[in-house]
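Step one of this worksheet: look at the structure below.
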Amino acid sequence: MVTLLPSPVGVPLSRALARVHLKPPNLPSSVSRSIPKLIEPLGKLPGFRRIASEIAINHYAYAAKPRPRPLTLQCSYTTWRGLTDRTWTGRHLPPVTDQSDLPSEAAVVDLFRRDTFLPSTDTSVMFMFFAQWFTDSFLRTSHTDYRRNTSNHEIDLCQIYGLSEAQTQLLRAHDGGRLKTQQIDGAEFPVYLFEPRQPGEPLTVKPEFEGLHDDRFLIDVILGGASAEHADHVFAVGLEHGNSTLGQTMMNVVFFREHNRIARLLEAEYPEWDDDRIFETTRNVMIVLTLKLVVEQYIRHIAPFDFPVETVPFLADGQLWNRSNWCAIEFDLLYRWHPLAPDTIGVEVGAGEGADRLGPGDFINNNPLVLARGVESLMAQCSGARAGRIGLRNTARYLTDRSAAGNPSVEERTVSLMREAKLRSYNDYREAFSLPRLDDFDDLTSDHDLKGRLRELYGTIDDVEWYVGIFAEDYPDYCMMGELLTTMVAHDAFTQALTNPLLGRRIFNEKTFSPAGMQIIADTGSLRDIVTRNAVDPETVVVEFSC
222 MVTLLPSPVG
232 VPLSRALARV
242 HLKPPNLPSS
252 VSRSIPKLIE
262 PLGKLPGFRR
272 IASEIAINHY
282 AYAAKPRPRP
292 LTLQCSYTTW
302 RGLTDRTWTG
312 RHLPPVTDQS
322 DLPSEAAVVD
332 LFRRDTFLPS
342 TDTSVMFMFF
352 AQWFTDSFLR
362 TSHTDYRRNT
372 SNHEIDLCQI
382 YGLSEAQTQL
392 LRAHDGGRLK
402 TQQIDGAEFP
412 VYLFEPRQPG
422 EPLTVKPEFE
432 GLHDDRFLID
442 VILGGASAEH
452 ADHVFAVGLE
462 HGNSTLGQTM
472 MNVVFFREHN
482 RIARLLEAEY
492 PEWDDDRIFE
502 TTRNVMIVLT
512 LKLVVEQYIR
522 HIAPFDFPVE
532 TVPFLADGQL
542 WNRSNWCAIE
552 FDLLYRWHPL
562 APDTIGVEVG
572 AGEGADRLGP
582 GDFINNNPLV
592 LARGVESLMA
602 QCSGARAGRI
612 GLRNTARYLT
622 DRSAAGNPSV
632 EERTVSLMRE
642 AKLRSYNDYR
652 EAFSLPRLDD
662 FDDLTSDHDL
672 KGRLRELYGT
682 IDDVEWYVGI
692 FAEDYPDYCM
702 MGELLTTMVA
712 HDAFTQALTN
722 PLLGRRIFNE
732 KTFSPAGMQI
742 IADTGSLRDI
752 VTRNAVDPET
762 VVVEFSC
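Here's what the structure looks like:
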């Protein structure tokens with residue numbers, strides 16, 4: 222259903238079209254499967270793709286009121302600190318004042334708990350790992366005060382460069398614009414963070430990396446429970462959790478290699494440049510490559526029918542949504558796509574032949590596996606493994622249930638954060654993002670048992686909590702998630718990615734990136750391109766977000 226809303230005289234066409242409300246129709250699966258084949262040829266037409274991308278981007282960018290937002294988690298009313306100090310996490314809507322009638326947190330967590338794995342329609346585990354690596358770089362809730370964050374609020378590849386200039390300097394080789402590197406079995410990797418040690422000796426950060434991270438938090442919390450072998454193989458990368466999962470390590474190694482590859486290319490192309498200029502130009506190129514992947518591959522996969530959206534330079538110039546980035550608590554929580562995580566990755570390959578299957582314990586703090594198998598092999602396995610379907614009752618129990626030591630689970634901590642932030646109802650957020658409020662549970666989901674459970678817990682649709690509602694939404698099989706979740710993801714992603722200063726009209730040019738750098742940007746259309754350029758055997762590379 223398409224509803225055209227009246228727009229004022231003089232509003233640009235792209236902004237007027239942004240007010241079109243697009244509700245995904247319920248199409249037979251035989252029809253929905255054929256639509257991508259029709260869209261793909263149109264997406265190859267530059268003129269069509271550019272216009273369609275501008276309309277789609279502005280549609281979601283204008284779905285909610287633009288920044289600056291009047292409130293943060295600092296206070297329930299507007300303050301100067303709340304408008305200028307970005308260590309306070311932002312919020313889209315004012316807090317609720319009464320939470321007395323809400324169901325228990327345990328009952329809410331139980332809504333997410335998986336009994337039987339429900340696979341996604343076409344989303345791979347590789348997409349899941351990319352999503353975690355990407356969002357963990359800017360959605361950074363403080364571990365000492367939930368109201369605050371440690372984010373730069375930018376897509377800036379802090380995963381490999383660090384959050385500050387001081388950290389960046391520790392990671393640089395200060396030679397040819399490269400990052401510090403080591404060769405392991407003929408392949409390039411970041412150097413190890415810790416000093417070599419004898420069995421039983423404590424972990425000690427190398428002197429060259431002192432100040433890179435909060436050592437005690439890294440060792441006691443992130444590496445708490447990791448084996449000595451796993452801890453000894455932690456790489457020195459930009460973020461403290463950059464070795465915490467297979468996905469974090471794989472992605473950091475790939476982008477680390479690409480940085481050094483481009484630096485070597487620029488050094489050969491421009492021999493008169495010094496180390497600083499090579500490094501800074503390489504970083505500029507790398508950040509824009511990341512932005513391209515986010516818009517043209519990552520968001521494309523999230524969009525219905527994998528619509529071929531384009532990274533449009535200068536699009537934000539002159540738009541009302543072109544404001545300084547400031548991550549909101551809702552953006553942080555809506556990205557808790559825990560249902561994507563499968564119970565295992567891969568399958569048993571046969572008696573006597575070993576096992577290709579990876580369990581939850583293999584996902585965490587496992588750089589030795591990356592070294593043994595190789596990045597390309599693991600990415601191929603993750604690309605061929607189906608992630609879970611986003612929705613309630615599909616989150617793995619290792620994410621919903623408490624540990625043997627009684628520590629709160631990932632999902633318990635998430636629900637607790639939602640309550641502490643006093644977020645408003647699901648219907649309130651639908652209204653704030655230009656979507657109609659729902660009248661009944663029948664409008665939310667067709668699952669009879671789930672409707673009964675939600676009615677028992679909340680009574681009316683207006684009382685359903687936002688974090689529950691966005692995962693309860695029904696959606697057709699050609700979508701990856703429900704209507705409000707899609708709208709909020711797209712709104713925050715587009716308005717925070719495309720306002721990057723490197724995409725500005727006076728910045729996006731050869732002076733900033735060099736002619737060679739501009740060519741690299743133009744030649745890169747997917748994560749697979751980057752992996753292939755740095756692979757030992759490019760012919761074997763398989764990197765897909767769909768499977």
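In terms of my numbering, the sequence shown is residues 222 to 768. Note that CB positions come from ideal geometry on N, CA and C, so glycine has one too.
- Ile585 sits in a strand when the DSSP states are folded into three classes.
- Take the alpha-carbon of Tyr298 and the one of Cys548: they are about 18 Å apart.
- Following the DSSP letters along the chain, one finds Gly609 in no alpha helix (DSSP H) but inside the beta strand (DSSP E) bounded by residues Arg607 to Gly609.
- Taking C-beta atoms under 8 Å as the contact rule, Leu414 and Lys427 qualify, at a distance of about 7 Å.
- Excluding five sequence positions before and after Phe477, the CB atoms of its chain that fall closer than 7 Å to its own CB belong to Ile381, Leu400 and Pro411, given in chain order.
- By the neighbour-count definition (other C-beta atoms within 10 Å, threshold 16), Ile405 is an exposed residue.
- Distance between Met701 and Phe456, taken at the CA atoms: about 33 Å.
- Taking 3 residues as the minimum length, the beta strand (DSSP E) runs contained wholly in the segment 287-358 are 340-345, in order along the chain.
- One thing to note: Ser274 has its Cβ no nearer than 7 Å to the Cβ of Glu517.
- In terms of Cβ geometry, His374 and Asn505 do not form a close pair [threshold 7 Å].
- Arg610 places its beta carbon 7 Å or farther from that of Leu332.
- The residue among Arg578, Met471 and Phe535 with its C-alpha nearest the C-alpha of Glu409 is Met471.
- Note that the C-beta distance between Leu620 and His522 is not below 7 Å.
- Less than 7 Å separates the beta-carbon of Ile751 from that of Glu479.
- Taking every protein chain shown into account, the CB of Pro736 has fewer than 16 other CB atoms within 10 angstroms, so this residue is exposed.
- By the Cβ test, the segment 276-294 is not in contact with the segment 336-355, since fewer than three Cβ pairs between them sit closer than 8 Å.
- Beta-bridge annotation (DSSP): Ala484 is not paired with any residue.
- The three-state secondary structure of Leu400, taken from DSSP, is strand.
- At the C-beta level, Ile499 and Gly398 come within 7 Å of one another.
- Following the DSSP letters along the chain, one finds Phe535 in no alpha helix (DSSP H), marked with neither H nor E.
- Just so you know, the alpha carbons of Ala606 and Gln353 end up roughly 16 Å apart.
- In the displayed model, Val426 falls within a strand according to three-state DSSP.
- Cβ-Cβ distances below 6 Å link Tyr647 to Val685, Trp687 and Gly690 in the same chain, with the five nearest sequence neighbours on each side left out; the list follows chain order.
- For Cys296, the CB contacts under 6 Å within the same chain, skipping 5 residues up- and downstream, are Gly303 in chain order.
- Here Arg749 is actually not in contact with Val757; their C-beta atoms are around 15 Å apart, not less than 8 Å.
- The beta-bridge partner set that DSSP reports for Phe415 consists of Val426.
- DSSP links Ala408 through a beta bridge to Ile405.
- Per DSSP, Thr389 is one residue of the alpha helix (DSSP H) stretching across Glu386 to Leu392.
- Secondary structure remark: continuous beta strand (DSSP E) runs of at least 3 residues inside the segment 424-484: none found.
- Residue nearest to Cys768 within the set Asp527, Pro316, Pro420 and Ile278 is Asp527 (criterion: CA-CA distance).
- In this structure, Asn588 places its C-beta atom within 7 Å of the C-beta atom of Asn464.
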